[in-house]
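Just below is one structure, and these are the notes that go with it.
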């Protein structure tokens with residue numbers, strides 16, 4: 007049996023990109039056996055360690071080592087340094103670009119330009135960055151379709167838990183009437199801790215120490231992260247054309263510990279809930295704190311866990327739950343997209 | 007754009023088979039538009055209304071009408087009566103056999119023979135009957151593979167909620183370490199009602215009135231239904247070769263209303279839980295009542311709802327939940343299998 011080869015470019019090499027690289031190294035044997043395919047990396051673009059391209063397979067283990075020790079990727083044998091991530095994409099011969107740069111909620115850049123550049127130069131795109139899908143879903147989906155290229159983004163919402171693949175690959179002919187869920191881990195963790203007695207600041211610090219909340223947690227706390235995800239879900243699964251700014255949004259900054267404790271002791275919980283509904287011809291979305299009753303599925307979604315409930319025409323109400331995800335799950339989402347392209 | 011045609015044989019025409027027939031009539035336009043395919047039925051085998059084959063597409067609406075009014079299917083124009091379901095399969099020119107006869111937990115017949123006959127005569131198989139998968143998974147899967155035919159069975163567990171498709175189509179490379187869930191609606195409904203104060207008999211009668219429990223509810227009450235499903239899950243998703251009789255099994259007949267009420271008032275719930283675990287090289291499964299803590303996902307699975315929690319190597323812990331399914335969901339599971347074959 008002959009082994010095919012597929013080449014990838016890693017654009018962004020932070021926590022998510024590096025965890026994916028580790029998975030590709032660890033699971034190379036299993037992937038080769040199962041898919042008769044060797045995945046080789048031929049370009050890496052980083053924020054702090056330079057950007058490189060190569061004609062042949064890079065040594066990913068060595069690249070991980072270099073970055074771990076704060077050294078530039080130019081030290082890799084046989085690579086050519088390029089100016090930046092854009093040039094890495096244009097100059098790379100990779101078949102698939104994997105985009106994992108950080109979210110920019112103002113204009114989705116540079117991720118949006120990365121994706122456009124990749125699709126324009128004939129490369130499939132897999133992204134963990136929800137910005138481009140929230141701001142320009144129709145444009146980049148049309149660009150991918152007109153070039154006969156894949157654009158996959160499973161890990162943009164609920165890490166690697168299958169949402170887009172669930173609907174697209176296992177629920178044919180289904181129409182989604184609404185989606186409702188808890189899709190931001192930081193706020194869910196903070197609210198879980200506060201109802202147990204922590205102050206907002208203590209809970210936030212703990213979330214930051216555990217690597218869940220960003221140094222600047224405003225996007226989570228004020229509901230922006232959930233609103234961006236809501237736009238991706240609405241645009242991708244319900245045919246909407248929502249921008250994050252069009253979504254009614256209320257954060258958790260003003261919630262008082264006492265109200266949370268009181269709700270908890272009366273058998274309820276306050277949670278940041280995202281709701282997307284089809285109302286007539288329109289799709290509407292909102293993000294805000296809600297009181298959850300004990301019989302509600304969302305009642306048991308605490309700490310870092312996430313859940314999304316789909317109300318459908320033919321399959322009734324089904325939900326997918328992800329319990330306390332870690333970085334591996336986000337990287338797995340990218341890997342599952344890559345394997346689905348194979 | 008040319009429209010393909012695919013022909014099916016409906017073997018079994020009870021509640022599930024008829025609901026599928028209704029969906030095929032209702033959604034014919036959407037299927038034709040989306041899949042460029044017309045699904046035509048060319049054979050029906052029933053327990054009480056005869057078995058027929060036809061060279062051309064049957065009028066499914068008329069077939070539904072006839073059965074609704076207690077008339078034999080021979081009244082359909084242009085059909086030929088055959089002796090029984092076996093002859094219907096052998097004589098039919100259908101490309102796909104859809105098997106929906108009732109479960110037989112002793113030997114899986116006649117469903118097992120139906121499936122063998124279909125695969126031996128070159129027909130793909132979709133079944134809602136868990137018996138054959140629980141008793142002879144390896145044999146019929148090998149038979150399908152050696153004939154290059156599909157064998158699909160999404161609706162055997164948790165109706166149409168994607169479990170097999172979830173794992174096979176959206177979780178590539180994943181190894182499942184364990185599965186744990188509530189997968190029998192009748193017992194879950196009875197336990198939900200009993201903790202609210204109903205007697206076992208009242209709760210069972212209500213489940214029967216609502217069409218969930220069978221006239222002979224023993225299979226549900228004694229945990230056989232869950233054990234058969236556990237075998238299907240273990241054999242299909244964890245590479246096991248379990249028979250239902252090898253599964254440790256305890257039913258709910260001996261549970262007292264007082265214990266259920268007491269557990270409920272102390273913030274817990276008694277539920278019939280199915281667990282399948284990989285232990286070293288082996289896969290072990292058990293079915294039995296368990297006390298569920300309030301923080302457990304299964305705590306919110308009440309009435310007819312079902313849930314299955316997967317513990318995996320790369321995707322952590324994820325769960326799928328189906329809230330209060332009805333007959334349509336089972337029929338949809340068959341339809342989703344059929345559309346996935348297209």
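Protein chains in written order, with our numbering: chain D, 7 to 348; chain G, 7 to 348. Think of the CB as a built atom: it goes at the ideal place given N, C-alpha and C, for glycine as much as any other residue. In this text, all values refer to a predicted model and were calculated from it rather than measured experimentally.
{"Item": "Neighbouring residues, chain G, relative to residue 175 (chain D) (Cβ below 8 Å)", "Value": "171, 175, 176"}
{"Item": "CA-to-CA distance, residue 43 (chain G) to residue 348 (chain G), given in whole angstroms", "Value": "8 Å"}
{"Item": "Residue 182 (chain G) versus residue 321 (chain G): straight-line alpha-carbon distance, rounded", "Value": "9 Å"}
{"Item": "Residue-level contact to chain D via CB, residue 334 (chain G), 8 Å cutoff", "Value": "yes"}
{"Item": "Test: residue 342 (chain D) CB closer than 8 Å to a CB of chain G", "Value": "yes"}
{"Item": "C-beta neighbour in chain D for residue 277 (chain G), strict 8 Å", "Value": "no"}
{"Item": "The alpha helix (DSSP H) enclosing residue 202 (chain D), as first and last residue numbers", "Value": "Counting along the chain, residue 202 (chain D) falls outside any alpha helix (DSSP H), and DSSP gives it neither H nor E."}
{"Item": "Inside the region 245 to 302 of chain D only - beta strand (DSSP E) runs reaching at least 3 residues", "Value": "275 to 285, 288 to 298"}
{"Item": "Nearest-angstrom beta carbon gap, residue 255 (chain D) and residue 229 (chain D) [assumed within contact, 8 Å]", "Value": "4 Å"}
{"Item": "Through-space distance from residue 246 (chain D) to residue 288 (chain D), alpha-carbon basis", "Value": "8 Å"}
{"Item": "Residue-level contact to chain G via CB, residue 65 (chain D), 8 Å cutoff", "Value": "no"}
{"Item": "Spatially closest choice to residue 147 (chain G) from G:125, G:209, G:345, G:70, by CA coordinates", "Value": "G:125"}
{"Item": "Residues within the region 136 to 151 of chain D neighbouring chain G, beta-carbon criterion of under 9 Å", "Value": "none"}
{"Item": "Residue 313 (chain G) - containing beta strand (DSSP E), residue span", "Value": "312 to 318"}
{"Item": "Members of the region 318 to 334 of chain G near chain D, C-beta cut-off 8 Å", "Value": "320, 321, 322, 323, 324, 325, 326, 327, 328, 329, 330, 331, 332, 334"}
{"Item": "Short-range partners of chain D found in the region 20 to 52 of chain G, where Cβ spacing is below 9 Å", "Value": "29, 33, 36, 37, 40, 41"}
{"Item": "Whether residue 309 (chain D) touches residue 198 (chain D) by CB criterion (8 Å)", "Value": "yes"}
{"Item": "Minimum Cβ-Cβ distance from residue 346 (chain D) to chain G less than 8 Å", "Value": "yes"}
{"Item": "Sequence-distant residues of its chain with Cβ nearer than 8 Å to residue 208 (chain D) (five each side left out)", "Value": "199"}
{"Item": "Pair within 8 Å by beta-carbon distance, residue 12 (chain D) and residue 145 (chain D)", "Value": "no"}
{"Item": "Whether residue 327 (chain G) touches residue 327 (chain D) by CB criterion (8 Å)", "Value": "yes"}
{"Item": "Contacts of residue 167 (chain D) in chain G (Cβ-Cβ under 8 Å)", "Value": "321, 324"}
{"Item": "Interface flag, residue 338 (chain D) vs chain G, CB-CB below 8 Å", "Value": "yes"}
{"Item": "C-beta neighbour in chain D for residue 179 (chain G), strict 8 Å", "Value": "yes"}
{"Item": "Local conformation of residue 137 (chain G) per DSSP, three classes", "Value": "helix"}
{"Item": "Per-residue burial, residue 165 (chain G) [other beta carbons within 10 Å of its own, 16 or more giving buried]", "Value": "buried"}
{"Item": "Selected residue, minimal CA-CA separation from residue 234 (chain D), among D:189, D:274, D:269", "Value": "D:189"}
{"Item": "At least three beta-carbon pairs within less than 8 Å, the region 127 to 136 of chain D to the region 37 to 56 of chain D", "Value": "no"}
{"Item": "Straight-line gap, residue 41 (chain D) to residue 85 (chain G) (C-alpha atoms, nearest Å)", "Value": "47 Å"}
{"Item": "Minimum Cβ-Cβ distance from residue 197 (chain D) to chain G less than 8 Å", "Value": "no"}
{"Item": "Chain-ordered residues of the region 281 to 307 of chain D with a beta carbon less than 9 Å from chain G", "Value": "300, 301, 302, 303, 304, 305, 306, 307"}
{"Item": "Residue 302 (chain D) vs residue 279 (chain G) beta-carbon contact at 8 Å", "Value": "no"}
{"Item": "Same chain, Cβ closer than 8 Å to residue 70 (chain G), neighbours up to 5 away in sequence not counted", "Value": "24, 27, 28, 31"}
{"Item": "Whether residue 177 (chain G) touches residue 168 (chain D) by CB criterion (8 Å)", "Value": "yes"}
{"Item": "Same chain, Cβ closer than 8 Å to residue 194 (chain D), five either side skipped, listed in chain order", "Value": "188, 277, 278, 307, 308, 309, 310, 311, 312"}
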